[in-house]
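Asker: Pasting a structure here, questions to come.
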Amino acid sequence: MAKIKHHNFLNTVHEVFTDAKQAGVLHLYAGGSSFSGRTIEVDGRELYHFGTTGYLGLEQDSRLKEAAINAIEKYGTQFPLSKSYISNPLYKELEDCIQELYGQPIVITKNSTLGHLGVIPSAVDDNDVIILDHQVHWSVQNAAKMLKTRSVPIEMIRHNNLEMLEDKIKKYQHSKRRIWYMADGIYSMYGDYAPVKELMALSKKYPQLHFYFDDVHGMSWVGKNGTGYVLDQLGELPENVLLFGTLSKTFGASGAVLACSNPELYDKIKTFGGPLTFSAQLEPASVAAAMASAQIHLSPEIYDLQQELRERINYFNTCLSPTDLPLIDQNKSPVFYIGTGMPKTGYNFVNRLMREGFYVNLGIFPAVPVKNTGVRITISRHNQKEEIKGLVEAMEYHFPLALEDTQTNSERVFHAFKLEHKSKSKPQLSSKLNIEILNTIDQVDKKQWNRYMGGQGVYDWEGLQFLEEVFHENTQKEHNWLFRYVIIKDSNGIPILMTFVTLSLWKDDMLAQASISSAIEQERKENPYHLSSFVLSLGCLFTEGNHLYWDESHHSSKEARDGLLELLEKMEHQLGAKMTVLRDFGANTPWNDTLYGHGFFRVQMPNSCTVDLKEVDSMTGYIEQLSSRNRRHFRKDIQPFLELTQFDIISKANTAQIQGFKRLFSEVQKQNHGLNTFSFPDKLFERMNQNDLWEFIVLNPKGQPNTILGVMFCYSNQRDVYVPAFVGMDYNLLETYSTYRQLLYRTIERTLAIKIPKIDFGMTASFEKRKLGAKVHEKYAYLQTNDNFILEMIGVMEGQK
Numbered sequence: 000m001a002k003i004k005h006h007n008f009l010n011t012v013h014e015v016f017t018d019a020k021q022a023g024v025l026h027l028y029a030g031g032s033s034f035s036g037r038t039i040e041v042d043g044r045e046l047y048h049f050g051t052t053g054y055l056g057l058e059q060d061s062r063l064k065e066a067a068i069n070a071i072e073k074y075g076t077q078f079p080l081s082k083s084y085i086s087n088p089l090y091k092e093l094e095d096c097i098q099e100l101y102g103q104p105i106v107i108t109k110n111s112t113l114g115h116l117g118v119i120p121s122a123v124d125d126n127d128v129i130i131l132d133h134q135v136h137w138s139v140q141n142a143a144k145m146l147k148t149r150s151v152p153i154e155m156i157r158h159n160n161l162e163m164l165e166d167k168i169k170k171y172q173h174s175k176r177r178i179w180y181m182a183d184g185i186y187s188m189y190g191d192y193a194p195v196k197e198l199m200a201l202s203k204k205y206p207q208l209h210f211y212f213d214d215v216h217g218m219s220w221v222g223k224n225g226t227g228y229v230l231d232q233l234g235e236l237p238e239n240v241l242l243f244g245t246l247s248k249t250f251g252a253s254g255a256v257l258a259c260s261n262p263e264l265y266d267k268i269k270t271f272g273g274p275l276t277f278s279a280q281l282e283p284a285s286v287a288a289a290m291a292s293a294q295i296h297l298s299p300e301i302y303d304l305q306q307e308l309r310e311r312i313n314y315f316n317t318c319l320s321p322t323d324l325p326l327i328d329q330n331k332s333p334v335f336y337i338g339t340g341m342p343k344t345g346y347n348f349v350n351r352l353m354r355e356g357f358y359v360n361l362g363i364f365p366a367v368p369v370k371n372t373g374v375r376i377t378i379s380r381h382n383q384k385e386e387i388k389g390l391v392e393a394m395e396y397h398f399p400l401a402l403e404d405t406q407t408n409s410e411r412v413f414h415a416f417k418l419e420h421k422s423k424s425k426p427q428l429s430s431k432l433n434i435e436i437l438n439t440i441d442q443v444d445k446k447q448w449n450r451y452m453g454g455q456g457v458y459d460w461e462g463l464q465f466l467e468e469v470f471h472e473n474t475q476k477e478h479n480w481l482f483r484y485v486i487i488k489d490s491n492g493i494p495i496l497m498t499f500v501t502l503s504l505w506k507d508d509m510l511a512q513a514s515i516s517s518a519i520e521q522e523r524k525e526n527p528y529h530l531s532s533f534v535l536s537l538g539c540l541f542t543e544g545n546h547l548y549w550d551e552s553h554h555s556s557k558e559a560r561d562g563l564l565e566l567l568e569k570m571e572h573q574l575g576a577k578m579t580v581l582r583d584f585g586a587n588t589p590w591n592d593t594l595y596g597h598g599f600f601r602v603q604m605p606n607s608c609t610v611d612l613k614e615v616d617s618m619t620g621y622i623e624q625l626s627s628r629n630r631r632h633f634r635k636d637i638q639p640f641l642e643l644t645q646f647d648i649i650s651k652a653n654t655a656q657i658q659g660f661k662r663l664f665s666e667v668q669k670q671n672h673g674l675n676t677f678s679f680p681d682k683l684f685e686r687m688n689q690n691d692l693w694e695f696i697v698l699n700p701k702g703q704p705n706t707i708l709g710v711m712f713c714y715s716n717q718r719d720v721y722v723p724a725f726v727g728m729d730y731n732l733l734e735t736y737s738t739y740r741q742l743l744y745r746t747i748e749r750t751l752a753i754k755i756p757k758i759d760f761g762m763t764a765s766f767e768k769r770k771l772g773a774k775v776h777e778k779y780a781y782l783q784t785n786d787n788f789i790l791e792m793i794g795v796m797e798g799q800k
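Written out as structure tokens, the structure reads:
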């Protein structure tokens, strides 16, 4: 199976954002000659603004504006010196005001991103460990990853999962000085909270536990003097907590603030904190505006402002309550999230609301899983009750229309977010085509299946019958696969689409770098199923190739395609799969835009390789038609080794040989963490040996028939294609005999001997296969999940996001 290549994450984000940008919901520009906060101009239209993070509306307060203007007139637009040397004349007064707010020593930073980059490497020692909530803000994750260069372990837990957190604490409590848990106070997409009080109780049980809270979305609108949600829960700041707030967003100015009650740690951060030392300081206008805001926060007025906002939040909740809109988290924060499921539904819904006169934000990957796209709505003091009510009425009216426009329904949205739908009826497929779902290949017409799906890999009718037998009634759960066959026909019974899918247990790190898989395998020595999930996949882990027949020219081809995607979504929910994977698509598949709209994202797989032998009648002729470079490769790296070995084509191996084949295959699999899958059941090799469609190309040292250097496991339907499905090798003798290259050579030779016109060499090692004349094909997989945890965990472990 495929690996996500190093550049794939950023490529995926770029492609998802490009899709949203083309839909007109991302990277917009506000217009107009002025801005009130209540409305915002987009494409020449004045819209009510429900997308701000200035929840109290202080950015429009005349006192902040006047302070900023006066500061510019007195001190200029900036004070271009490092704070390590000297701060602008207003800084000391601002620091005193903010320190009075928190009642603790503080550090002011240019913004929260630079603040995290400065503070985290200073606060965390080499003998510490970091545990990240998987929804903690990207800026915290990015700063934490800098410590990988100092070999500080970085772990990740599922969102607000205290049981998983405690397991990680136990793992490190005897080996690390401090265990840092990093989380947001209020999470920016769903508006939900960190369980602060429960976390503090856990720290009493484990004294090494320290906390790093990013509470920029909890700032100002809640808490004493508007110091935020976390401090409101804590009462006062303990020494094991570092707390980040903001002077921007709801505070109305610019910059960020760190509060720290540990004198020693505060001095360490303040004295030298990377970007805190070398980056530019806040502009005089920002400092002055922050001072004006701080005075408001220190006065009783802040509680009046908080109450005004709370009334609007309560009113919005009251308006939402009787509707069927999928509100993802019900709470009293100013952030609300209405789920749409598929991105294309989100695009449609956002555009409808903007046409109705309301500006809202789209929540999309990577901030949320692609399948959990939705509309993020924020309430501020700028919003009046009449427009709040109007927004809810517009959403209630347009949400079902957006679902209808994008061929989905509310049940599917609720399922995507694991919410209980008011309707207890099971969702029905909307397609009017004839959709057959069969449980075994024996129920499928053999001639019809081979006509549309045969001639490729080990998934013609006979190959699938073999696979069903092998991956059934085994003792280990990873060796039992559920097969389903999908055939979509028109009213005349003619197939438009045909495929098969499997439900099987995958290692979650199958998409990670080999070094990451190697690290995780150490934990699997204690828990073999650590980080594993059931996946619904097009094809199966045994097969490679085009697993999908689709008649694009048929007048109902799009309906058949959408019917399959809807069916897979239903099957994923019914079977309890964590992810759906559609694989082995070419680079220019016409499915690309549709799959993005349905909540899939694309990752590049290893290239696949084929060899066309139609015009070749001998091995000599084959070598002669290679390029001059490849002929040199053959003469230098393969031909000299041929005389050192002998090979046999074995269709029925003895018991000793089968045991040797198993050992060599296991050796390859254990070495190959770049393709990290569970093992196959032992009976696979016995069934291969009993099946007339399988044979083994076995390589031995010359004169040593009992020493097996390597074996190629080959499937042939005697018609169209020869499939060297797997290889086993003795790694100790690999270079001595050039074993892998010899096996590739002997596979081509064997295919010519039995006059089969094509070899499907599959994926991986494409460089070696290309040197022997194989044609290389780019392949892609599309993944859909409503759980970003694994992707983010792997991103953190790789140090690439």
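Heads up: the sequence shown at position 286 corresponds to 285 in numbering that gives the first Met the number 0, and the numbers run straight through without jumps.
Yeah, the Cβ is synthetic: ideal placement off N, Cα and C, and Gly gets one too.
Kindly list the residues whose CB is nearer than 7 Å to the CB of D328, restricted to its own chain and excluding five residues on each side of it in sequence; keep chain order.
Answerer: Only Y189, G190, D191 and Y336 meet the Cβ criterion.
Asker: Which one of P262, S490, S150 and G456 has the shortest CA to CA distance from E543?
Answerer: Out of P262, S490, S150 and G456, G456 has the C-alpha closest to the C-alpha of E543.
Asker: Can you tell me where the beta strand (DSSP E) holding N699 begins and where it ends?
Answerer: Note, N699: beta strand (DSSP E), W693 to P700.
Asker: Nearest CA to the CA of L242: which residue from V334, V349 and T108?
Answerer: Of the candidates V334, V349 and T108, the one whose C-alpha sits nearest the C-alpha of L242 is T108.
Asker: Let me confirm a value: H133 is counted as buried when at least 16 other C-beta atoms fall within 10 Å, else exposed. Which label applies?
Answerer: Per the 10 Å Cβ criterion, buried.
Asker: Would you decide whether Y396 is buried or exposed? Buried here means 16 or more other CB atoms lie within 10 Å of its CB.
Answerer: Exposed.
Asker: Taking 8 Å as the cut-off, is the beta-carbon of R560 closer than that to any non-hydrogen atom of the ligand MG?
Answerer: Only the bare structure without any ligand can be found here, which leaves the ligand MG out of the picture.
Asker: May I have the straight-line CA-CA distance separating F357 from L46, to the nearest angstrom?
Answerer: Roughly 5 Å between the two C-alpha positions.
Asker: Assuming E435 and H420 form a contact by the criterion Cβ under 8 Å, report the distance between their Cβ atoms to the nearest whole angstrom.
Answerer: Not a contact, Cβ separation roughly 27 Å.
Asker: How close, in whole Å, do the beta carbons of F533 and L563 come, if the pair is a contact with beta carbons under 8 Å?
Answerer: At roughly 20 Å, the Cβ-Cβ gap does not stay under 8 Å, so F533 and L563 are not in contact.
Asker: Measuring CB to CB, does Y781 end up less than 9 Å from Q603?
Answerer: Cβ atoms of Y781 and Q603: not closer than 9 Å.
Asker: Alpha carbon to alpha carbon, how far is D18 from V349?
Answerer: Those two C-alpha atoms are separated by around 14 Å.
Asker: On a Cα-Cα basis, can you pick out the residue from K635, V710 and S627 that is closest to S665?
Answerer: Measuring from the Cα of S665, the nearest candidate turns out to be V710.
Asker: Pull the bridge partners of E45 from the DSSP assignment, please.
Answerer: Note: E45 sits in a beta bridge opposite E40.
Asker: What's the gap between the Cα of R630 and the Cα of Y621?
Answerer: So the alpha carbons of these two residues sit roughly 10 Å apart.
Asker: Taking the alpha carbon of Q668 as the reference point, which residue from Q624, E520 and I755 has its own alpha carbon closest?
Answerer: Cα-wise, what sits closest to Q668 is E520.
Asker: Would you be able to state if there are at least three C-beta pairs under 8 Å between the segment 223–238 and the segment 295–302?
Answerer: A contact exists between the segment 295–302 and the segment 223–238.
Asker: Do you know whose CA, among T407, R37 and G598, lies nearest E385's CA?
Answerer: The shortest C-alpha separation from E385 is found at R37.
Asker: Threshold first: 3 residues or longer. Then list the beta strand (DSSP E) segments lying entirely within the segment 223–271, N to C.
Answerer: Qualifying beta strand (DSSP E) stretches, in chain order: 240–245 and 255–259.
Asker: With distance defined between alpha-carbon atoms, name the residue in S33, G50, T51 and Y84 nearest to G43.
Answerer: Taking only the C-alpha atoms, the option nearest G43 is S33.
Asker: For Q783 and L641, which I take to be in contact (beta-carbon distance under 8 Å), what is that distance rounded to the nearest angstrom?
Answerer: Rounded, the Cβ-Cβ distance is 47 Å, inconsistent with contact.
Asker: Any contact of the segment 307–323 with the segment 351–368, i.e. 3+ C-beta pairs under 8 Å?
Answerer: Judged by Cβ distances under 8 Å, the segment 307–323 makes no contact with the segment 351–368, as fewer than three pairs qualify.
Asker: If you count every other CB in all the chains shown that lies within 10 Å of the CB of Y28, and 16 or more means buried, which is it?
Answerer: Under this definition Y28 is an exposed residue.
Asker: Is the beta carbon of D691 closer than 9 Å to that of Y721?
Answerer: No, the Cβ-Cβ distance between Y721 and D691 is not below 9 Å.
Asker: How big is the Cα-Cα spacing for N545 and G254?
Answerer: Their backbone Cα atoms lie some 53 Å apart in a straight line.
Asker: What did DSSP end up calling S81 once you bin it into helix, strand or coil?
Answerer: Here S81 sits in strand by DSSP.
Asker: Which residues in the same chain have their Cβ closer than 7 Å to the Cβ of N10, if we skip the five residues on either side of it in sequence?
Answerer: Nothing meets the Cβ criterion.
Asker: Go through the segment 135–166 residue by residue and report every complete run of the beta strand (DSSP E) that reaches 3 residues or more, in order.
Answerer: Runs of the beta strand (DSSP E) inside the segment 135–166: 153–156.
Asker: What are the complete alpha helix (DSSP H) segments, minimum 4 residues, inside the segment 697–749?
Answerer: Correct list: 733–736.
Asker: Can you name, in chain order, every residue of its own chain whose Cβ lies under 8 Å from the Cβ of S555, other than the five neighbours on each side?
Answerer: Correct list, in chain order: L432, D489 and I495.
Asker: Taking only the alpha-carbon atoms, compute the straight-line gap between Q21 and K557 and give it to the nearest angstrom.
Answerer: The straight-line gap from Cα to Cα measures roughly 21 Å.
Asker: With C-beta atoms as the reference, is L55 less than 9 Å away from L390?
Answerer: No, these two residues do not count as a Cβ contact at 9 Å.
Asker: If contacts are defined as beta-carbon pairs under 8 Å, then S187 and V334 qualify, I think. What distance do you get, rounded to the angstrom?
Answerer: Right, their Cβ atoms sit about 7 Å apart.
Asker: Does DSSP put M570 in a helix, a strand or coil?
Answerer: M570 falls in the helix class under three-state DSSP.
Asker: Could you tell me the alpha carbon to alpha carbon distance between A1 and S86, rounded to whole angstroms?
Answerer: Low confidence applies here, because A1 scores a pLDDT of 38, under 50, leaving its location unreliable; read the following figure in that light. C-alpha separation (whole angstroms): 53 Å.
Asker: Between F416 and G538, which are expected to be in contact by the criterion C-beta below 8 Å, what is the C-beta distance as a whole number of angstroms?
Answerer: About 28 Å; that fails the 8 Å criterion.
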